[in-house]
Amino acid sequence: MKNTFRYIITDVVSIPVCRMTGKGEAYKYATKPGCGVVEWYSAINDYKSPVNRDTSDKTQQLVCDNDSSAVLYPRYGRDFCIFPYDDINIKEIPRQAEVDAIVISDDCGFSFWENEVGDVKIFVTYDETGLIDTYRLEGWNDKPYDGETEITFNDLQSEQDYDTISRADIIGTFEHSRR
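Using numbering that gives the first Met the number 0, you'd call the opening residue of the sequence shown number 0 and step up by one each time.
If you want it as structure tokens, here you go:
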């Protein structure tokens, strides 16, 4: 089985959402330096660029990239959040075996892995043209805010539709209004 993509369609942009099939891949992307969300930084280079892990350098910090975030949802215990510019205590990161859902956000969109369908919920609001206005991905225990609707991953635009339908043909999009 391979990763599946769908798209959140707003009036100005189409945001990819990837359902990852591999827990190991998602966990690695969220927690392993050099693989996606987090990197090691050191005072030696004034915390300006990522460095290789050196346990003798006590100034090194594991930090989330400024355009990324991740949330690991263990079935029991508190959600572990990784946000931009936060120092991450590696001893507090839940082990991969304890995690039942992972949501990752970066400048390319969203990725998530869920142990069972429904472990990750998608909440949206719609604008007057029926396009998605606001959106968020959360864990299984979250509830919609006022005015939000819970949708499933399959309710988002499919990859096939994304490849065949021009945004200029979707009423309400910026491209449609410019046409």
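Positions of the beta carbon are idealized from the N, C-alpha and C atoms, including for glycine. These figures come from a predicted structure and were not determined experimentally.
In this structure, the straight-line span from the alpha carbon of GLY108 to that of SER55 is close to 36 Å. The beta-carbon distance between MET19 and SER165, rounded to whole angstroms, is 28 Å. This is too long to meet the 8 Å contact definition. Per DSSP, SER176 is one residue of the alpha helix (DSSP H) stretching across 173-177.
DSSP, reduced to helix, strand and coil, places ASP154 within a helical segment of the structure shown. TRP112 places its beta carbon 8 Å or farther from that of LYS31.
Excluding the 5 residues flanking it on each side, LEU130 has same chain C-beta neighbours closer than 6 Å at ILE8, THR9, ASP10, GLY171, in chain order. For THR30, no beta strand (DSSP E) encloses it; the enclosing alpha helix (DSSP H) starts and ends at 22-30. The criterion of a C-beta distance shorter than 8 Å is satisfied by GLU38 and ASP64.
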